[in-house]
Amino acid sequence: MNLSAIDLNLLLVLHTVLEERSAARAARRLRVTPPAVSNSLARLRAHFGDPLVVRSGRGLVPTPRALELAPRLRAAFGEIAGALEGERSFDPRATTRAFTLACSDVDQICSLPAIARAFAAEMPRAALRVVSVDHLEASGGLGGGEVDAALSPAYPLPPGHHAADLFEQDSVFVVRRDHPCAGRRLTRERFNSLRHIDIHLALGRGGIGNRAAQELLADHGLRREIAVTVPTFAAAAVVAASTDLVTGMPRRLADALAQVAPLAIVEPPVPAMVFRMQLVWHERTHLDEGARRFREVVIAALREPQRSQEVRNQKRSSIKKAGRGKERSRCAS
30 MNLSAIDLNL LLVLHTVLEE RSAARAARRL RVTPPAVSNS LARLRAHFGD
80 PLVVRSGRGL VPTPRALELA PRLRAAFGEI AGALEGERSF DPRATTRAFT
130 LACSDVDQIC SLPAIARAFA AEMPRAALRV VSVDHLEASG GLGGGEVDAA
180 LSPAYPLPPG HHAADLFEQD SVFVVRRDHP CAGRRLTRER FNSLRHIDIH
230 LALGRGGIGN RAAQELLADH GLRREIAVTV PTFAAAAVVA ASTDLVTGMP
280 RRLADALAQV APLAIVEPPV PAMVFRMQLV WHERTHLDEG ARRFREVVIA
330 ALREPQRSQE VRNQKRSSIK KAGRGKERSR CAS
């Protein structure tokens, strides 16, 4: 049967008549006149070549063909009603929906554990899928229909995008643990003489943070001689741990990796770059209740770690103040 050959409103009339077993009651429920219901039934009888319902006493009795159609119509219109009332019916505890989050390997290492815990607690039957920045770019971005939200450094949003602030993170450089510059602040001269590892997260290109870092370094007269380019921060750290090369990354990732790899943190010769991180999503999911609840889970999960980070930053600031007046050794140029 060609679906376009029938008016779907007629099927709604039949579904209602089969439930009510009365043309008059069906008319009241559909807010139409009884003659309109009778006219719809006449058209359906002609279409199916079957009476569908016959009068018995004061009510209507379905034919075997109508009884065959009844559960299918009930299921179909139930699905349609559920789709139209999705916002009111969304239950985070019961949903089995899959949600997709895009982020760099920094957040896969540093933010994902907190997100996964919160997600499991709030949506225990749902599925969380995490993809890379590469995948986000290749699938058409947030408007492509595959990714629900992304963690990203703040940037001017294109039309049709929304964002919520999450936290701030500063950046440092890392070298192998026995590097001559390990544990010291770099001078400008020494920084410019070192060879560097660059990170291109987005389809072999530098992302938002990479471009911002390039601009900051140039503004302070710093330059990088790039020796190796890799697609992740973790790969850059592994290379730095076994060479004389240096690489930059968010401090929270450097702190985490220095606990498990032979790496040392090196402070930059200029004030550290501070990135404001955001959760970004597209207009296509902005009003969807499930996507909104998912965003709330991510936002709530990442705000508490940020308060802990602020405490750590305050401790670092206190240490720096206590050390003022003491001569600090620097890496020789």
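Numbering-wise, the numbering used here comes out as the position in the sequence shown, counting from 1, plus 29.
Just so it is clear, CB atoms sit at the ideal spot from N, CA and C, and this is done for glycine as well.
Could you tell me which of ASP207, GLU48 and LEU186 sits nearest to LEU98, measuring between CA atoms? Translated into the one-based positions of the sequence shown, residue 98 becomes position 69. If we check each option's Cα against that of LEU98, GLU48 comes out closest.
What number of angstroms, rounded off, separates the C-alpha of PHE304 from the C-alpha of VAL42? The count along the sequence shown starts at 1 and reaches residue 304 at position 275. The count along the sequence shown starts at 1 and reaches residue 42 at position 13. Linking PHE304 to VAL42 through their CA atoms gives a straight-line distance of about 58 Å.
If you count every other CB in all the chains shown that lies within 10 Å of the CB of LEU274, and 16 or more means buried, which is it? Looking up residue 274 in the sequence shown gives position 245. Burial call: buried.
Just verifying my parser: in three-state terms, what is the DSSP assignment at LYS349? Translated into positions along the sequence shown, residue 349 becomes position 320. Caution applies to LYS349, whose pLDDT of 43 falls short of 50 and renders its modelled position unreliable; the model cannot decide the point.
Span separating the alpha-carbon of LEU316 from that of CYS139: Here the question's residue 316 lines up with position 287 in the sequence shown. Here the question's residue 139 lines up with position 110 in the sequence shown. If you take the alpha carbons of LEU316 and CYS139, they lie about 29 Å apart.
Tell me the start and end of each unbroken beta strand (DSSP E) in the region 56-107 that is at least 3 residues and wholly inside, in chain order. Correct list: 82-85 and 88-91.
Secondary structure at GLY233, three-state DSSP: helix, strand or coil? Within the sequence shown, residue 233 is the residue found at index 204, counting from 1. DSSP places GLY233 in coil when its eight states are reduced to three.
Under 8 Å, with one C-beta from each stretch per pair, do the region 149-165 and the region 287-305 reach the 3-pair mark? Under the three-pair Cβ rule at 8 Å, the region 149-165 does not count as touching the region 287-305.
Neighbourhood of ALA231 by C-beta distance below 6 Å, restricted to the same chain and skipping five residues each side: Counting from 1 along the sequence shown, the entry for residue 231 is found at position 202. The answer, listed in chain order, is VAL162 and GLU166.
Any idea what DSSP makes of PRO334, helix, strand or coil? Counted from its first residue, the sequence shown places residue 334 at position 305. Caution is warranted here: a pLDDT of 48 is assigned to PRO334, below 50, making its placement in the model unreliable, and the coordinate value is therefore given only provisionally. Here PRO334 sits in helix by DSSP.
Should ILE226 and VAL257 be called a contact, given that it needs their Cβ atoms to be closer than 9 Å? Your numbering for residue 226 matches position 197 in the sequence shown. Your numbering for residue 257 matches position 228 in the sequence shown. Remark: C-beta atoms of ILE226 and VAL257 approach each other more closely than 9 Å.
Taking the alpha-carbon positions, what's the ASP36 to GLY88 distance? As a working note, residue 36 is residue 7 in the sequence shown. As a working note, residue 88 is residue 59 in the sequence shown. In this structure, the alpha-carbon of ASP36 lies about 25 Å from that of GLY88.
Would you list the residues sitting across from GLY277 in a DSSP beta bridge? In the sequence shown, the residue the question calls residue 277 occupies position 248. Under DSSP, the beta-bridge partners assigned to GLY277 are PHE202.
Excluding sequence positions up to five away, which residues of its chain have a Cβ less than 8 Å from the Cβ of ALA127? Within the sequence shown, the letter at position 98 stands for residue 127. Taking ALA127 as the centre and dropping the five residues before and after it, the same chain places the C-beta of ALA155, ALA156, LEU157 and ARG158 closer than 8 Å to its C-beta, in chain order.
What does DSSP give as the partner residue(s) for THR124 in the beta ladder? For this step, residue 124 is matched to residue 95 along the sequence shown. Paired residues: none, contrary to the question.
Among PHE220, THR261, HIS229 and ARG234, which residue has its Cα nearest to the Cα of ALA247? In the sequence shown, the residue the question calls residue 247 occupies position 218. The shortest C-alpha to C-alpha distance from ALA247 to any of PHE220, THR261, HIS229 and ARG234 is the one to PHE220.
Closest by C-alpha distance to SER181, when choosing among SER168, GLN198, GLY174 and ALA269: The sequence position of residue 181 within the sequence shown is 152, counting from 1. It is GLN198 whose Cα lies nearest to the Cα of SER181.
Output the distance between the C-alpha atoms of ARG214 and ARG252, rounded to the nearest integer angstrom. By 1-based counting over the sequence shown, the position of residue 214 is 185. By 1-based counting over the sequence shown, the position of residue 252 is 223. Those two C-alpha atoms are separated by around 16 Å.
Is DSSP giving ALA290 helix, strand or coil here? Mapped onto the sequence shown, residue 290 falls at position 261. Annotated three-state conformation of ALA290 is coil, per DSSP.
Output the distance between the C-alpha atoms of ALA149 and GLY250, rounded to the nearest integer angstrom. Translated into positions along the sequence shown, residue 149 becomes position 120. Translated into positions along the sequence shown, residue 250 becomes position 221. Between the alpha carbons of ALA149 and GLY250 lies a distance of about 47 Å.
Tell me whether ALA242 is buried or exposed, calling it buried when 16 or more other Cβ atoms sit within 10 Å of its Cβ. Start at 1 with the first residue of the sequence shown, and residue 242 comes out as number 213. Burial call: buried.
Does the Cβ of GLY319 have 16 or more other Cβ atoms within 10 Å, making it buried, or fewer, making it exposed? Indexing the sequence shown from 1 puts residue 319 at position 290. Buried is the label assigned to GLY319, since at least 16 other Cβ atoms lie within 10 Å of its Cβ.
Close beta carbons around ARG336, own chain, < 6 Å, minus the five adjacent residues each side: On the sequence shown, position 307 is the one that residue 336 refers to. Since pLDDT at ARG336 reaches only 46, below the 50 mark, its modelled position is unreliable, and no value is offered.
Taking the alpha-carbon of THR314 as reference, which of ARG74, LEU39, ALA192 and HIS76 has the nearest alpha-carbon? Taking the sequence shown and counting its residues from 1, one reaches residue 314 at position 285. For the residues ARG74, LEU39, ALA192 and HIS76, the minimum Cα distance to THR314 belongs to ALA192.
Quickly, what does DSSP pair ARG158 with across the bridge? List them, please. As a first step, residue 158 must be located in the sequence shown, where it is residue number 129. DSSP, once it has assigned bridges, lists THR129 as partnering ARG158.
Can you tell me which of the three DSSP states HIS315 falls into? The count along the sequence shown starts at 1 and reaches residue 315 at position 286. Per DSSP, reduced to three states, the secondary structure at HIS315 is helical.
VAL289 to ARG217 span [Cα, whole Å]: In the sequence shown, the residue the question calls residue 289 occupies position 260. In the sequence shown, the residue the question calls residue 217 occupies position 188. Straight across, the Cα-Cα distance linking VAL289 with ARG217 is about 29 Å.
Can you round the beta-carbon distance between ALA183 and LEU130 to whole angstroms, since I take them to be within the 8 Å contact cut? On the sequence shown, residue 183 is found 154 positions in, with the first residue counted as 1. On the sequence shown, residue 130 is found 101 positions in, with the first residue counted as 1. Here ALA183 is actually not in contact with LEU130; their C-beta atoms are around 17 Å apart, not less than 8 Å.
For ASP227, which residues does DSSP report across the bridge? For the purposes of this step, residue 227 is taken as the residue at position 198 of the sequence shown. DSSP lists THR258 as partners of ASP227.
In angstroms, rounded to a whole number, what distance separates the CA positions of LEU171 and TRP310? Sequence index remark: in the sequence shown, residue 171 carries index 142 (1-based). Sequence index remark: in the sequence shown, residue 310 carries index 281 (1-based). Linking LEU171 to TRP310 through their CA atoms gives a straight-line distance of about 6 Å.
Can you check whether the CB of ALA330 is closer than 9 Å to the CB of ALA147? The residue labelled residue 147 in the question sits at position 118 within the sequence shown. The residue labelled residue 330 in the question sits at position 301 within the sequence shown. Taking 9 Å as the Cβ cut-off, ALA147 and ALA330 qualify as a contacting pair.
For ALA301 and LEU245, the rounded distance between their alpha carbons: In the sequence shown, the residue the question calls residue 245 occupies position 216. In the sequence shown, the residue the question calls residue 301 occupies position 272. Note on geometry: alpha-carbon atoms of LEU245 and ALA301 lie some 10 Å from one another.
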